[in-house]
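Asker: Let me begin by handing over the structure; questions about it come next.
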Amino acid sequence: MKLSGWFLRIGLILMIALSLVLSWVIWQNPSRLGHQQAAVTVIKKSDKDTTKNIGTVLAPTKAYYQHANTKQLLFTPDDDVITNLRDTVKNWQIRSVTAGGKLTTSEYNALLANNETLQLVYPDMVAYKLFNGNWFKDGAKAANFNFDRIVISLGTHPDTMVFVNDRTRAIHTATLKKHSLQKLQSQIDAATTTSFSVQELRLSNGRQVSDFTDAIQVQPYVYLLDQQSANHYVSLLMPATQTSTVDARELGSDTVYTAGTDYRLTLNQDTQVMQFDDASSTNNATNLATNLQKSYTALSDLDLLGMNSMRYYRYNKTTRMVTFRSVAQGLPIFNSDYYGRVTVADTDSGRQMFFSTNNLTVPIPTSQAKTTLPATQAVIDHITSVGYSESAIEDIALGYHWVKQNENSQVVTLKPTYFVEIGGHYRRYNKWLGPSADKQASATTVVATHEQQ
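Quick note on numbering: the UniProt record's numbering labels position 142 of the sequence shown as 142, and the sequence is numbered without any gaps.
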C-alpha cells in the first residue's frame, strides 16, 4: 500500500476520534463551545421522599439553658447540640395547646429568666402547623400561630412547654404527655461544660440576640467540598416525565439553560452561583406555613449531599423569600457567593431560586488553634464607631465565614466570627466601614439585590 494511503487512513481515524471527544464535551457541558445554541438531552431522576429531613431543616439553631439565675448557650465542639436534643424529645407527645395571650414586657422578661428551663430558639418565625407532626411524634391540633422560641420546663412544671413569639410577646402553652426529662437533663448537663455564658439583648427591631458578656474562643473547621456540574441541576430542576431537551447558550459570563418558555437555569461561571426561574410554579398564598413548606420542597429538589446540615434561617414576608443556610456545629455559615446558602421565593409570577454549585459535605480533622472573639459589646462599639447608630443593627450572629477556596481545592476552611446585619445585608462585623464607605463599595460591586454578606 502506498504511503499516502496510510496517511489517509490515519487521518480518518483521528477525525473520528476527535468527533467522539467533541460529542462527549457537548454532552457534558455544551456551553463551553462558544455562543452557539446547543441541545442537551436529560434523563429525569425518579421522585424521592422530600419529607424525611423537614424536622431537621426546620429546627431551632440555638439552645439556652437557664438555671441558677444564669443563661448558657449550649455548645459542644465537634457536635450539634440541637440535633441531639431533638433526637431525645422526638417521641414526646403534645396533649393540648392553649393560647395565653400577649405578655407584658416584665412578664416576658420573667419567662426568659425562669430558672430550670431549656429554651430552643429559631432564627426567624415558624408556623405551628409545620412544627406539629414534624417535631414530636404526635402533635395536638390547634389554630395555627407563629413562634420563634420554645420554653421547656425542667423543674416546677415538667409537663408544660411554652411557644413564644419574641417580636409580639404572644404565647401558647402546651401540655405534654409520654415524656421523660431524665435523658434530656443529662444531655444539657454534659453540654454546659463547653457552653458560653450569655445574656440576651433585644435590638430595636424586636429581634433577640445572644449577648456574649466576655471574650469567647471558637474552633475553626475544615470541610470537604461537593461540586456539581450544571447538568446535575438541569436534570433535577427541568421538567420531564422521562426525557427532555434543554437548550444551552453562553451570554457573557453566564451559561443559560432553558426548557420551553417557563423554565430557565442560569449559571454564573465566575461565582458558580445558579439562578432557577420557574414561571409555571405560581403561588398566591401569603401565609408562612405554606411558603415554608413550598420552599422546603424546592430545597429538597436540589438533592444536596449536605442536606442534613441545612437550616431554615429567614423569611421575608414582603418578597416571600425563604433563606436556608448550612450550619457547622450548629452555627450558621456566611459567604458572599451563596456558598452554603439557598434562597427560594414563591410568588404570583413563579418560583425563583438562588444557590451555589459548591456545597459542604463532611468535616475533616484539623489542628488549628481556637479563634478568640470579643464580647458582643465590642462588636456594637465597632459598628457605632464607624458611623452607624445602634438602632441600625438588625441582627448579630455568631457564625462561620466560608473562606473562598482555591479553584482546584476540595476542602473549605470555616473561620468563626460575628456577623452583623444592616439594611438587609450581612457582613463580618469588622468589614462594616461606615455608611458612606459601604455605600460606595456596594456601588462598585455586583451585588445580589435580595441579600449580601
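By construction, the Cβ of each residue, glycine as well, lies at the ideal position given by its N, Cα and C atoms.
1) Would you mind reading off the limits of the alpha helix (DSSP H) that contains threonine 297?
2) Is the stretch 290 to 306 touching the stretch 315 to 322, taking contact as three or more C-beta pairs under 8 Å?
3) Only counting the same chain, and skipping five residues up and downstream in sequence, which positions put a Cβ closer than 7 Å to that of leucine 237?
4) Given a cut-off of 8 Å, decide if aspartate 79 and glutamine 329 are closer than it, judged by their beta-carbon atoms.
5) Less than 8 Å between the beta carbons of valine 234 and valine 246, yes or no?
6) Have a look at asparagine 91 and phenylalanine 136 and give me their C-alpha separation to the nearest angstrom.
7) Taking its Cβ as the centre, do 16 or more other Cβ atoms sit within 10 Å of glycine 252, making it buried, or is it exposed?
8) In terms of residue numbering, what span does the beta strand (DSSP E) encompassing aspartate 124 cover?
9) Is it buried or exposed, valine 362, if we count other Cβ atoms within 10 angstroms and call 16 or more buried?
10) Measuring alpha carbon to alpha carbon, tell me which residue in Lys370, Asp262, Val218, Gln227 is nearest phenylalanine 355.
11) Determine the direct distance from the alpha carbon of alanine 99 to that of threonine 168, and round the result to whole angstroms.
12) Is it buried or exposed, residue 488, if we count other Cβ atoms within 10 angstroms and call 16 or more buried?
13) Hey, how far is the Cα of aspartate 438 from the Cα of arginine 428?
14) With DSSP run on the structure shown, which of helix, strand or coil describes arginine 314?
15) Please list the terminal residues of the continuous alpha helix (DSSP H) segment that includes glycine 55.
16) Is the stretch 118 to 134 touching the stretch 61 to 77 in the sense that three or more CB pairs, one from each, lie closer than 8 Å?
17) Between Pro239, Leu130, Ala230, which has its C-alpha nearest asparagine 268's C-alpha?
18) Are the beta-carbon atoms belonging to isoleucine 94 and alanine 190 less than 8 Å from one another?
19) Which same chain residues, not among the five before or five after glycine 434, have their C-beta less than 6 Å away from its C-beta?
20) Sort out for me which residues DSSP pairs serine 436 with in a bridge.
21) Just the Cα atoms here: how many angstroms apart are valine 222 and isoleucine 364?
22) Starting from the Cα of tyrosine 263, find the closest Cα among Asp254, Pro158, Ser280, Ala397 and give me that residue.
23) Taking the straight line between their C-alpha atoms, what separation do you get for glutamine 199 and leucine 74?
Answerer: Judging by the given coordinates:
1) Start and end: 288 to 301.
2) Yes: the two stretches touch, three or more of their Cβ pairs being nearer than 8 Å.
3) Around leucine 237: Leu265, Phe276, Asp301.
4) Yes. Within cutoff.
5) For valine 234 and valine 246, yes; Cβs fall inside 8 Å.
6) The C-alpha of asparagine 91 lies about 6 Å from the C-alpha of phenylalanine 136.
7) It is exposed - the Cβ of glycine 252 has fewer than 16 other Cβ atoms within 10 Å.
8) 117 to 127 is the span of the beta strand (DSSP E), which, as asked, contains aspartate 124.
9) Taking every protein chain shown into account, the CB of valine 362 has fewer than 16 other CB atoms within 10 angstroms, so this residue is exposed.
10) For the options Lys370, Asp262, Val218, Gln227, the alpha carbon positioned closest to that of phenylalanine 355 is the one of Gln227.
11) Cα to Cα, threonine 168 sits roughly 14 Å from alanine 99.
12) Lying outside 1 to 453, the shown extent of the chain, residue 488 is not represented and no answer is given.
13) Spanning the two alpha carbons is a distance of roughly 13 Å.
14) Arginine 314 falls in the strand class under three-state DSSP.
15) Segment 54 to 57, the alpha helix (DSSP H) holding glycine 55.
16) Yes, they touch.
17) Looking from the CA of asparagine 268, the closest CA among Pro239, Leu130, Ala230 belongs to Ala230.
18) In this structure, alanine 190 does not lie closer than 8 Å to isoleucine 94 by Cβ.
19) Counting only Cβ-Cβ distances below 6 Å, and skipping sequence neighbours, we find Val386, Gly387.
20) Beta-bridge pairing links serine 436 to no other residue.
21) When rounded, the distance between both Cα atoms is 6 Å.
22) Considering only alpha carbons, the answer is Ser280.
23) So the two alpha carbons sit approximately 13 Å from each other.
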